[in-house]
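So the sequence shown is numbered by UniProt numbering: it starts at 1 and just counts up by one. Even for Gly, the Cβ is constructed at its ideal location relative to N, Cα and C. These numbers were taken from a predicted model, which means no experiment stands behind them.
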Amino acid sequence: MAISPADARAALIRRYFDACNAGDYDALMSCFTPDAAHYFPPGLPEIPWRSADTISRKWVWCVQNLGSQWTIEKILCSHDSNEAVIEWTHWKREQSVAQRGDEWYVFDDATGLIKEIRAYYAAPTVSNAQSLPEVNGTRMGELVDFDYAGRGYHLRWE
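The structure is reproduced here in structure tokens:
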């Protein structure tokens with residue numbers, strides 16, 4: 001049985017997150033078109049990230065320097081377009097902070113690879129960790145009064 005395009009996109013997103021968590025440059029590169037772009041909300045340096053090489057190098061840096069790990073909370077893939085949206089948590093273990101958010105993905109029609117990611121945060125970036133609420137020893141950038149635990153979201157990175 002052939003895999004549907006939506007299932008192939010979901011599998012690629014999961015492979016991308018596995019590569020991010022492993023800090024695996026080559027595996028990250030294999031997820032993107034060469035000219036891919038990753039857009040972010042204001043507040044981060046050197047954004048947007050343009051090219052598969054830049055995106056891959058930046059995520060490897062985050063794993064090596066921030067102890068970054070990511071969990072996927074939800075994936076929704078369109079059945080009639082080359083797009084998907086996910087909800088994630090980015091755990092910065094070295095700083096004991098985490099950021100929740102969403103990303104919108106656009107896939108290349110010819111290759112099926114990721115050509116664009118647009119990140120949206122559930123709260124301001126976690127650069128001012130002292131102002132964030134603490135959950136299980138981690139300062140969390142997340143929506144106010146949303147029942148993350150009750151809805152089955154990850155409360156720790158492992």
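Quiz item: Hey, would you say Ala22 sits closer than 9 Å to Val63, going by beta carbons?
Solution: Taking the first residue of the sequence shown as position 1, residue 22 is located at position 22. Taking the first residue of the sequence shown as position 1, residue 63 is located at position 63. Taking 9 Å as the Cβ cut-off, Ala22 and Val63 qualify as a contacting pair.
Exercise. Evaluate the contact criterion for the region 2–22 versus the region 36–54: three or more CB pairs, one atom per stretch, below 8 Å.
Key: no
Quiz prompt | Inter-residue spacing [alpha-carbon to alpha-carbon] between Asp35 and Arg100 | solution = As a position in the sequence shown, residue 35 is number 35, starting the count at 1. As a position in the sequence shown, residue 100 is number 100, starting the count at 1. In this structure, the alpha-carbon of Asp35 lies about 26 Å from that of Arg100.
Quiz item: Buried or exposed: Ile3, going by 16 or more other Cβ atoms within 10 Å of its Cβ?
Solution: Locating residue 3 in the sequence shown gives position 3, where the first residue counts as 1. Ile3 is exposed by the Cβ-count criterion.
Quiz item: So what does Thr89 bridge to, in DSSP terms?
Solution: In the sequence shown, counting from the first residue as 1, residue 89 sits at position 89. BP columns for Thr89 point to Thr71, Arg100.
Quiz item: Mind checking whether Ile72 and Glu87 have CB atoms under 9 Å apart?
Solution: Along the sequence shown, one-based indexing puts residue 72 at 72. Along the sequence shown, one-based indexing puts residue 87 at 87. Contact flag set, yes.
Self-check item: Boundaries of the alpha helix (DSSP H) in which Pro5 is found, first to last residue
Solution: Stepping through the sequence shown from its first residue, residue 5 is reached at position 5. Per DSSP, Pro5 belongs to the alpha helix (DSSP H) from 5–22.
Quiz prompt | Buried versus exposed, by CB contacts within 10 Å (16 or more), Ala149 | solution = The count along the sequence shown starts at 1 and reaches residue 149 at position 149. Burial call: exposed.
Practice problem: Enumerate in chain order the residues of its own chain whose CB-to-CB distance from Trp104 is below 6 Å, with the five nearest sequence positions on each side excluded. | Solution: Counting from one through the sequence shown, the residue named residue 104 turns up at place 104. The residues are Val85, Arg118.
Quiz item: For Ala110, is the classification buried or exposed, using 16 other Cβ atoms within 10 angstroms of its Cβ as the cut-off for buried?
Solution: As a position in the sequence shown, residue 110 is number 110, starting the count at 1. Exposed, since its Cβ has fewer than 16 Cβ neighbours within 10 Å.
Self-check item: Unbroken alpha helix (DSSP H) run spanning Thr54, endpoints
Solution: Here residue 54 is taken as the residue at index 54 of the sequence shown, counted from 1. Residue range 52–66 is occupied by the alpha helix (DSSP H) that includes Thr54.
Self-check item: Unbroken alpha helix (DSSP H) run spanning Ala27, endpoints
Solution: The count along the sequence shown starts at 1 and reaches residue 27 at position 27. Segment 25–29, the alpha helix (DSSP H) holding Ala27.
Quiz item: From which residue to which residue does the beta strand (DSSP E) around Asp35 run?
Solution: For this step, residue 35 is matched to residue 35 along the sequence shown. 32–39 is the extent of the beta strand (DSSP E) around Asp35.
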